[in-house]
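Engineer: In the working numbering, the protein residues as written are 446 to 738.
Below, the structure is given as structure tokens:
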């Protein structure tokens, strides 16, 4: 608890899947937006834990929801993935390819952590969150800026070494547990603080804002020390930072949409609020976005 800020987590029940959690979150988002599944033009799912390798989990979600008009695909950018998915959906809307997008982050991290490795297994939780994205009819509202970046030289800081196409799953891989998440914790922390700070700077610059203009910072919920360092760098006091890592742990790309939903439900985000979201993830990937509601 002292180092990570995590006191409890949620784990998927037997039978719960990345798809089933995503579908539940999607129904909640569509109900809040008063959008019918038949109105969805594209489904963009961020996940590091697809239910199967082929086809995408997004098409299973499409079938579950009955979103028969939608294109559906997965995005893989680890914990930064939901912001990557949001930027992808925004581009499709702005290009005229789609009118209404469903953007989901859903993760069953309990399926890929090594439960014998306490340096990682105690950090991660399961969950899903979703949002409906449409073109704003109000000038000055909606997405004000977005930023994405990656550095593949840092890929081995947080990864699953084997079990993919290069070294397929086998009895040997299972015995070595090399298909499970491995993390160089200290190096990840160092680069996380650096990349989150960069992403925050880029988002603020892109929106022509400063930290004092932000009503609420919603960072990726990986570690309370990373969250505090990012807020301090941006000049945002902790009373303007949404933190729920203590209750959910690190839910990877589901963490920001879960936090955003809670912030809206609790009234911390309301009409006119300016919200900055910042994330980092394996890859190394990092991203940010400023939205005015």
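Ideal placement from N, C-alpha and C gives every residue a C-beta, glycine not left out.
On the CB-based measure, 16 or more other CB atoms within 10 Å of its CB, does residue 535 come out buried or exposed?
Structural biologist: Classification for residue 535: buried.
Engineer: Should the stretch 535-548 be called in touch with the stretch 573-583, which here means at least 3 C-beta pairs below 8 Å?
Structural biologist: With the cut-off at 8 Å, the stretch 535-548 and the stretch 573-583 touch.
Engineer: Per DSSP, which residues does residue 578 bridge with? Please list them.
Structural biologist: Answer by DSSP bridge pairing, in chain order: 546.
Engineer: Which runs of the alpha helix (DSSP H) fall wholly inside the stretch 629-687 and span at least 4 residues, in chain order?
Structural biologist: Listed in chain order, the complete alpha helix (DSSP H) runs (minimum 4 residues) inside the stretch 629-687 are 630-652, 669-679.
Engineer: Note down the Cα distance separating residue 676 from residue 662, rounded to an integer number of angstroms.
Structural biologist: Their Cα atoms are separated by approximately 8 Å.
Engineer: What residue range is occupied by the uninterrupted alpha helix (DSSP H) comprising residue 457?
Structural biologist: No alpha helix (DSSP H) holds residue 457; DSSP gives it neither H nor E.
Engineer: Of all the alpha helix (DSSP H) runs that stay within the bounds of the stretch 548-624, which reach a length of 4 or more residues?
Structural biologist: Taking only runs of at least 4 residues, the alpha helix (DSSP H) segments lying wholly in the stretch 548-624 are 616-621.
Engineer: If we count the other Cβ atoms within 10 Å of its Cβ and call it buried at 16 or more, is residue 621 buried or exposed?
Structural biologist: Flag for residue 621 reads exposed.
Engineer: Could you check which residue in 660, 695, 659, 656 has the C-alpha nearest to that of residue 671?
Structural biologist: The candidate whose alpha carbon is nearest that of residue 671 is 695.
Engineer: Taking residue 669 as the reference, give the member of 657, 683, 679 with the closest Cα.
Structural biologist: If we check each option's Cα against that of residue 669, 683 comes out closest.
Engineer: My guess is that residue 641 and residue 723 are in contact by the Cβ rule of under 8 Å, so how many angstroms apart are they, rounded?
Structural biologist: Right, their Cβ atoms sit about 5 Å apart.
Engineer: If you follow the beta strand (DSSP E) that residue 488 is in, where does it begin and where does it stop?
Structural biologist: Run containing residue 488: 487-491, per the beta strand (DSSP E) assignment.
Engineer: Please classify residue 508 as buried or exposed, where buried requires at least 16 neighbouring CB atoms within 10 angstroms.
Structural biologist: Result: exposed.
Engineer: On the three-state DSSP scale, how would you describe residue 511?
Structural biologist: The answer is coil: DSSP assigns residue 511 none of H, G, I, E or B.
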